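Colleague:
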Amino acid sequence: MSVLTAIIVIGVLALVFGIVLGFAAVRFHVESDPIVDQIDAILPQTQCGQCGYPGCRPYAEAIANGDDINKCPPGGEATIKQLADLMGVEAKPLDAAHGEEDVKRVAVIREDECIGCTKCIQACPVDAILGAARHMHTVIEHECTGCDLCVEPCPVDCIDMVPVETRPETWQWNLKQVAESHGIPVKMVE
Amino acid sequence: MQRSKAQIEQGHIWTFPGGIHPPQRKTLSNASAIARPPLPPQLVLLVRQHIGQAGDIQVQVGDQVLKGQPLTASGASRGLPLHAPTSGLVTAIEERPSAHPSALPELAVMITPDGEERWIERQPLRNYQQLDAASLIDLIQQAGIAGLGGAGFPTAQKLAPQKPLDYLIINGVECEPYITADDRLMREYAADIVAGIEILQHITHIERVLIGIEDNKPEAIMAMREACQNKPQLSVREVPTKYPSGGEKQLIQLLTGRQVPSRGLPIDIGLLVQNVGTAFAVKRAIIDGEPLLERVVTLTGEALQRPGNVWALLGTPVKHLLHYAEYQPQSNGKIIMGGPMMGFTLPTDAVPIVKISNCVLAPTTQELPDSGAEMPCIRCGACADVCPASLLPQQLQWLAKAKDYDALDEHNLFDCIECGACAYVCPSDIPLVHYYRQAKAEIRQVAREKAKAEIARERFEARQARLEREKEERLARHRKASAARQAAQADTGNDGDNAKANTGEPSAAVKAALARAKAKKQAQQAGAENEVDVKTDSDEKQTATTKTDDKSAAVAAAIARAKAKKAKPDGSPDNSEMARLREQRKAEARQRKAEREQQAEQQQAAKTTTHDEAPQQASDDKRQAAVQAAIARAKAKKQAAQAQTDVAKNDAASNPTNSDESADSNPASTDKPATDDDRKQAAIKAAIARAKAKKQAAQSSTTQQPQDDNDS
Chain H
25 MSVLTAIIVI GVLALVFGIV LGFAAVRFHV ESDPIVDQID AILPQTQCGQ
75 CGYPGCRPYA EAIANGDDIN KCPPGGEATI KQLADLMGVE AKPLDAAHGE
125 EDVKRVAVIR EDECIGCTKC IQACPVDAIL GAARHMHTVI EHECTGCDLC
175 VEPCPVDCID MVPVETRPET WQWNLKQVAE SHGIPVKMVE
Chain W
73 MQRSKAQIEQ GHIWTFPGGI HPPQRKTLSN ASAIARPPLP PQLVLLVRQH
123 IGQAGDIQVQ VGDQVLKGQP LTASGASRGL PLHAPTSGLV TAIEERPSAH
173 PSALPELAVM ITPDGEERWI ERQPLRNYQQ LDAASLIDLI QQAGIAGLGG
223 AGFPTAQKLA PQKPLDYLII NGVECEPYIT ADDRLMREYA ADIVAGIEIL
273 QHITHIERVL IGIEDNKPEA IMAMREACQN KPQLSVREVP TKYPSGGEKQ
323 LIQLLTGRQV PSRGLPIDIG LLVQNVGTAF AVKRAIIDGE PLLERVVTLT
373 GEALQRPGNV WALLGTPVKH LLHYAEYQPQ SNGKIIMGGP MMGFTLPTDA
423 VPIVKISNCV LAPTTQELPD SGAEMPCIRC GACADVCPAS LLPQQLQWLA
473 KAKDYDALDE HNLFDCIECG ACAYVCPSDI PLVHYYRQAK AEIRQVAREK
523 AKAEIARERF EARQARLERE KEERLARHRK ASAARQAAQA DTGNDGDNAK
573 ANTGEPSAAV KAALARAKAK KQAQQAGAEN EVDVKTDSDE KQTATTKTDD
623 KSAAVAAAIA RAKAKKAKPD GSPDNSEMAR LREQRKAEAR QRKAEREQQA
673 EQQQAAKTTT HDEAPQQASD DKRQAAVQAA IARAKAKKQA AQAQTDVAKN
723 DAASNPTNSD ESADSNPAST DKPATDDDRK QAAIKAAIAR AKAKKQAAQS
773 STTQQPQDDN DS
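If you're matching them up, the sequences are chains H and W in order. Just add 24 to wherever you are in the first sequence, counting from 1, and you've got the numbering used here. Just add 72 to wherever you are in the second sequence, counting from 1, and you've got the numbering used here.
(1) Please list, in chain order, the residues of the region 123-147 of chain W that have any C-beta partner in chain H closer than 7 angstroms.
(2) Decide if D61(H) is buried, meaning its Cβ has at least 16 other Cβ atoms within 10 Å, or exposed.
(3) Rounded to whole angstroms, how far is the Cβ of A345(W) from the Cβ of I359(W), which I believe are closer than 8 angstroms?
(4) Quick one, are the C-beta atoms of A180(W) and L117(W) less than 8 angstroms apart?
(5) Rounded to whole angstroms, what's the CA-CA distance from L376(W) to P435(W)? Just pull it up for me.
(6) Just the Cα atoms here: how many angstroms apart are I271(W) and M414(W)?
(7) Are the beta-carbon atoms of Y250(W) and T370(W) separated by less than 8 angstroms?
(8) In chain W, which residues lie less than 8 angstroms from E167(H) when you measure between Cβ atoms?
(9) Hey, quick one: how far does the alpha helix (DSSP H) through I59(H) stretch, first residue to last?
(10) Are the beta-carbon atoms of I212(W) and V382(W) separated by less than 8 angstroms?
(11) Could you give the C-beta distance for I164(H) and L154(H), rounded to a whole number, given that I count them as a contact under 8 angstroms?
(12) Using the rule of at least 16 other Cβ atoms within 10 Å of the residue's Cβ for burial, across every protein chain shown, is I450(W) buried or exposed?
(13) Grouping DSSP H, G and I as helix and E and B as strand, with all else coil, what is L433(W)?
(14) Counting Cβ pairs closer than 8 angstroms, one from the region 518-535 of chain W and one from the region 350-359 of chain W, do we hit at least three?
(15) For V368(W), report the span of its beta strand (DSSP E) as first-last.
(16) Considering only the beta carbon of each residue, do T103(H) and C171(H) sit closer than 8 angstroms?
(17) Classify G444(W) as helix, strand or coil using the three-state DSSP reduction.
(18) Taking Cβ positions, are L385(W) and L208(W) nearer each other than 8 angstroms?
(19) Spell out whether any CB of chain C is found under 8 angstroms from the CB atom of I133(H).
(20) Within this structure, are the beta carbons of A131(H) and M185(H) separated by less than 8 angstroms?
(21) With 16 as the cutoff for other CB atoms within 10 Å, does K321(W) come out buried or exposed?
(22) On the three-state DSSP scale, how would you describe W470(W)?
(23) Identify every residue that forms a DSSP beta bridge with W191(W).
(24) At a Cβ threshold of 8 angstroms, is L179(W) touching chain H?
(25) When we look at the beta-carbon of L343(W) and count the other beta-carbons within 10 Å, is it buried (16 or more) or exposed?
(26) Return helix, strand or coil for M160(H), following the three-state DSSP convention.
(27) If you reduce the DSSP assignment to three classes, tell me which class F416(W) lands in.
(28) Below 7 angstroms between beta carbons is the criterion; list the residues of the region 166-178 of chain W that meet it against any residue of chain H, in chain order.
(29) Using only the alpha-carbon positions, how far apart do A147(H) and P177(H) sit?
(30) Does the CB of E514(W) have a neighbour CB from chain H at under 8 angstroms?
(31) Are there three or more Cβ pairs, one per stretch, closer than 8 angstroms when the region 198-208 of chain W is compared with the region 266-285 of chain W?
(32) How far does the alpha helix (DSSP H) with T328(W) in it extend, from its first residue to its last?
(33) Taking contact to mean at least 3 C-beta pairs separated by less than 8 angstroms, is the region 489-496 of chain W in contact with the region 504-511 of chain W?
(34) Thinking C-beta only, is T350(W) closer than 8 angstroms to G219(W)?
(35) With a CB to CB cut of under 7 angstroms and the five nearest residues on each side skipped, what residues in its chain are close to G216(W)?
(36) List the whole-angstrom C-beta distance separating K524(W) from L485(W), where the pair is believed to meet the contact cut-off of C-beta under 8 angstroms.
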């Protein structure tokens, strides 16, 4: 008799907890950030395709499926480090087969040479080039990711990749310069 | 809170952690009254002199401007306006080195003073009490007043949030060594400063005002006490001399015992802090109707023969002020804008005075020696003892070197006020503040790039979605069309005699292809001759172009052959009827196109032949020349690309069809050095062609010009 009671009690308890847990699982469900989104957030979004995939998101998907993390030259070492942290793998140097880390650049169209062929517009992954057929095209500078993809299709080679200019807002203290007595002069003698 | 308020009323002075006592060096410059140097030969007014966006420029080169005339307007950018500090001529609007440690060029308006000091019409407002806060704030905005203490935050924006506040704190501490600008201002213009404070009170409806002054300025304290005599709501508080008690957060802690929360503002704890200089500028703007045109600048340092304070017009080059103060050039030539603790060494003395420049320091080499080489941290902890923000400078330094931005954030790097106390006491001469500044700049940069990447991602995804949609639409259209066609066919061709039609079909397709190839070849030859006529007489060029044309003709023929082969019956009779129809349609279309092209070429040829005889078409010719140049460039590119592919083909000579083709089209390119030469030659030729085209364009424009002259 006592065995039966114990079984019933335990069974009822199990049922109650099962219902509570099931309800909690549905009610307090937390949408976990899928790994692809996290990887995509780390990638620099230049959409340049230097990794061999047609954009950053496809590469993020490839990394999630086990591809190497060192194929992104625009992101460079910093991105590789972050990806290594995220994926729990060893950080390795940038794969030179996909290009080298370079200063940030933007595309600039030499406008008097542009023939208005719209080929660069079709090539731009972020729609940062404005223009119409047989009219001059121009690059929206702050939308340009510097991916280089518009340079190749241009039939008259009128697109230059120029390094992004440093402005006072983006300027960085150079600690080597500090050593040469630039910067803040803190030392004073009595 | 209540108890602390009672304590504040009693005049209790709290303290803040850390702080240092560097040598004062104030006597160098605080002995003489504020002088007025002669007008500089040229004023350089940087358009952006404060935090935030620059205003929109309202003047043009060659404009005569009056003293106080706005040069920029806030407009859509909500920047502060900038005014002409004296009457004169706008001689240039161009980029000049900015008053920033980098001295990177920024847009500036250059004014050559005429020395007449002609004012615009001023609107003095003696009874400002009749105006409401909003219109007074607007007047302050229009006067271009930014916080004159250091950061240059637009004062109008600081006053705008109408929130009940406990205290208005006026900062007259000026704790940094050497600087005496506020000291002299308080001594000489105490009454004006008090008038300015009253305007600020009227705007913000703050009852009580605390004026904090360090006890090393007894004259200033006396002058301010005198000016506040019959005003019980204003009280002057003497604070002990310690660096950096002049920091906003530190002064708040000294006078009220309250702490500004991390990443918060004084307004969050019911306080508003303004500099004495700002109060004075507000008085001038409202009561005298004069916008912010000048500020007190301390010229000091032992390299100056005549140190002192001056009224410097905004835009006065530092060089002019140094000359006025009789600067003796030093071996290290160090000129510092700001004080020795928080200022920065100027890379050039062409930098102008801006709204936030309070001091120009020219020390001798003995007075302010270069800091020694950085040595390893010995973990003595002296930096943590003096940090006024109770941070861990040592730890921050390690983290900054490791570029561990998350950890830096956890250690509250952004609460660092960059006062330099830690670097001052560091026995290892570590430039700690530089590490922090660099880390801060990098963190901001990372944030900016993150934001930009986010935008790029959105744009990329939007584009992908658009392309996907367009593809869907296209497919839907095709499906619809094919359905319609099938329906039409079901109606008419239901006889089932497809096999018979099949046999006669291949020969027709071959014929069509041959005709097409011929037409194309003809067209290309015509085009090549035409181009050669126009562009160059040199044999080299001619052979080059005809060679490429031969090549492309050969390629076209090969394609036609391949097509004909493909079109042969392959034992699938169901869709052969459809294929035949399509092929025929295509062939017709191609022929039509070829004809059209031929016509166009002929027309062009006709045009170019008239080119030499009819100079009245000069403008047309110019355009044509540009077109030709573009074509030449495109050709050059194509040729280069082909040369490259040829090299690739030669490398992969194992493929028989490829090698056949390359041998046909380019018999010269049999080994690698030769192809390299070819490529080089092609590039040279392209360059020559481009140059020629350019020359022609220039010539046609010059021929056009004389004619224009004749016309007029």
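Yeah, the Cβ is synthetic: ideal placement off N, Cα and C, and Gly gets one too. Since the model is a prediction, treat every value here as computed from it, not as a measurement.
Modeller: Let me lay it out:
(1) none
(2) exposed
(3) The sequence shown places Val at residue 345(W), rather than the Ala named in the question. Not quite, the Cβ-Cβ distance comes to about 22 angstroms (not below 8 angstroms), so this is no contact.
(4) yes
(5) 8 angstroms
(6) 31 angstroms
(7) yes
(8) I527, A528 and R531
(9) I59 to I66
(10) no
(11) 6 angstroms
(12) exposed
(13) strand
(14) no
(15) E366 to T372
(16) no
(17) coil
(18) no
(19) Here chain C cannot be found, since the structure's protein chains are H and W.
(20) yes
(21) buried
(22) helix
(23) K139(W)
(24) no
(25) buried
(26) coil
(27) strand
(28) S170, H172, P173, S174, L176 and E178
(29) 7 angstroms
(30) yes
(31) yes
(32) E320 to T328
(33) yes
(34) yes
(35) L152, P153, L154, H155, P363 and L364
(36) Their Cβ separation, rounded to whole angstroms, is 22 angstroms, which puts K524(W) and L485(W) out of contact at 8 angstroms.
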